[in-house]
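Colleague: Take this structure, written in structure tokens, and hold onto it; I'll ask about it next.
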Amino acid sequence: MDKKIEQLRAIINDSENTVFFGGAGVSTESGIPDFRSTSGLYSQSYDYPPETIISHSFFMSNTAEFYRFYKEKMICLEAKPNAAHLKLAELESKGKLKAVVTQNIDNLHKMAGSKCVFELHGSVFRNYCMRCGRSYTAEYIVQCDGIPKCDCGGTIKPDVVLYEEPLDRDILEGSIRAIREAEVLIVGGTSLVVYPAAGLLQYYRGDKLILINKTELPQESRAALVIHGKIGEVMSQI
Ligand code: NAD
496 MDKKIEQLRA IINDSENTVF FGGAGVSTES GIPDFRSTSG LYSQSYDYPP
546 ETIISHSFFM SNTAEFYRFY KEKMICLEAK PNAAHLKLAE LESKGKLKAV
596 VTQNIDNLHK MAGSKCVFEL HGSVFRNYCM RCGRSYTAEY IVQCDGIPKC
646 DCGGTIKPDV VLYEEPLDRD ILEGSIRAIR EAEVLIVGGT SLVVYPAAGL
696 LQYYRGDKLI LINKTELPQE SRAALVIHGK IGEVMSQI
């Protein structure tokens, strides 16, 4: 492992254009469960599968049940950035890292100080009324009983991309540009199965793809360096 950390350090040091692409595994060390680990949300049992609950059609037809799951499992306002978020922010401030592209909705990269963050799936910290467009905080959503309602009577929707919904075009284009122009691409804490986000990997044209994940991924044959481990522990040694 020490040799791999040394290799990772050297690759990052030698480049001025590293981009990070990550997923839910980046935040498990902050106490937010991912979806596909054995302790993740997909291993727990609910009345409906999680993919169903966090879909657009379910939100529209079963809003109360959606919010029960969402408030219990998807909003975690106490979570704090871990060593991975903090190291990425530090690398950006030193001019080494150009962008973070994340599938996470927990805001932890921005909280850690990262400035160029493409939140492909939105953020639980932004919420808006579907009728009048008024914005609401995540704290407001958490403290509402049942379905959060706007003063105008409209239903409030989190600004997160639910299954069946398209990604924001500007965020997608920015992510593609960053990945296409990256010299080094570090992919961490993602199972790379949620599309279209996982498809972004195809835009990387360099030969320094680094995968950091707790478990094996099918994409490993493409990578210049594969590290199996906890991303916070790995990044804190850089
Ligand atoms: P996923 O749950 O499908 O996969 C997570 C991957 O990270 C797994 O391969 C797991 O082995 C690995 N992992 C877990 N902890 C790790 C650690 N400490 N270090 C390194 N690797 C670790 O997650 P995904 O690929 O991001 O796809 C899930 C979707 O669910 C995403 O679209 C995301 O928006 C959403 N989601 C977000 C959050 C969040 O915002 N924190 C949490 C759960 C799910």
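Residue numbers (this note's numbering): 496 to 733. Glycine included, every Cβ here is placed at the ideal spot set by N, Cα and C. None of these values were measured; they are calculated from a predicted model.
Is F530 near the ligand NAD, with its Cβ less than 7 Å from a heavy atom?
Modeller: Stepping through the sequence shown from its first residue, residue 530 is reached at position 35. Yes, since a heavy atom of the ligand NAD falls inside the 7 Å radius drawn around the Cβ of F530.
Colleague: Our contact map puts I600 next to H616 with C-beta atoms below 8 Å; I'd like the distance itself, whole angstroms only.
Modeller: Taking the first residue of the sequence shown as position 1, residue 600 is located at position 105. Taking the first residue of the sequence shown as position 1, residue 616 is located at position 121. The Cβ separation is near 5 Å, so the contact holds.
Colleague: Buried or exposed for K725, going by 16 or more other Cβ atoms inside 10 Å?
Modeller: Here residue 725 is taken as the residue at index 230 of the sequence shown, counted from 1. Buried, by the Cβ-count rule.
Colleague: Verify whether the separation of the beta carbon atoms of L586 and I507 is less than 8 Å.
Modeller: Translated into positions along the sequence shown, residue 586 becomes position 91. Translated into positions along the sequence shown, residue 507 becomes position 12. Their beta carbons are under 8 Å apart, which means L586 touches I507 by this criterion.
Colleague: If you drop the 5 nearest sequence neighbours on each side, which residues of the same chain put their C-beta closer than 7 Å to that of S525?
Modeller: Here residue 525 corresponds to residue number 30 of the sequence shown, with the count starting at 1. Result list for S525: A574, K575, P576, N577 and L603, in chain order.
Colleague: On the three-pair Cβ rule with 8 Å, is the segment 542 to 556 touching the segment 699 to 710?
Modeller: The segment 542 to 556 is not in contact with the segment 699 to 710.
Colleague: Measuring only from the beta carbon, is Q598 closer than 7 Å to any heavy atom that is part of the ligand NAD?
Modeller: Within the sequence shown, the letter at position 103 stands for residue 598. Under cutoff, so the answer is yes.
Colleague: Heavy atom of the ligand NAD less than 7 Å from the Cβ of H604, yes or no?
Modeller: Along the sequence shown, read from residue 1 onward, the residue named residue 604 stands at position 109. False, no ligand heavy atom lies under 7 Å from that Cβ.
Colleague: E614: beta carbon under 7 Å from a heavy atom of the ligand NAD?
Modeller: Along the sequence shown, one-based indexing puts residue 614 at 119. No, the ligand NAD has no heavy atom inside 7 Å of this Cβ.
Colleague: Assign P691 to one of three DSSP states: helix, strand, or coil.
Modeller: As a working note, residue 691 is residue 196 in the sequence shown. Residue state, collapsed to three classes: coil.
Colleague: Is the segment 643 to 658 touching the segment 619 to 633 in the sense that three or more CB pairs, one from each, lie closer than 8 Å?
Modeller: Yes: at least three Cβ pairs fall under 8 Å.
Colleague: Could you tell me the alpha carbon to alpha carbon distance between K703 and L720, rounded to whole angstroms?
Modeller: Residue mapping note: residue 703 aligns to position 208 of the sequence shown, counting from 1. Residue mapping note: residue 720 aligns to position 225 of the sequence shown, counting from 1. Computed Cα separation, rounded: 8 Å.
Colleague: Going by DSSP, what residue range makes up the beta strand (DSSP E) through L720?
Modeller: In the sequence shown, residue 720 corresponds to position 225, counting from 1. Note, L720: beta strand (DSSP E), L720 to H723.
Colleague: Relative to the ligand NAD, is the shortest distance from any of its heavy atoms to the C-beta of A607 smaller than 7 Å?
Modeller: Working through the sequence shown from its first residue, we reach residue 607 at position 112. No.
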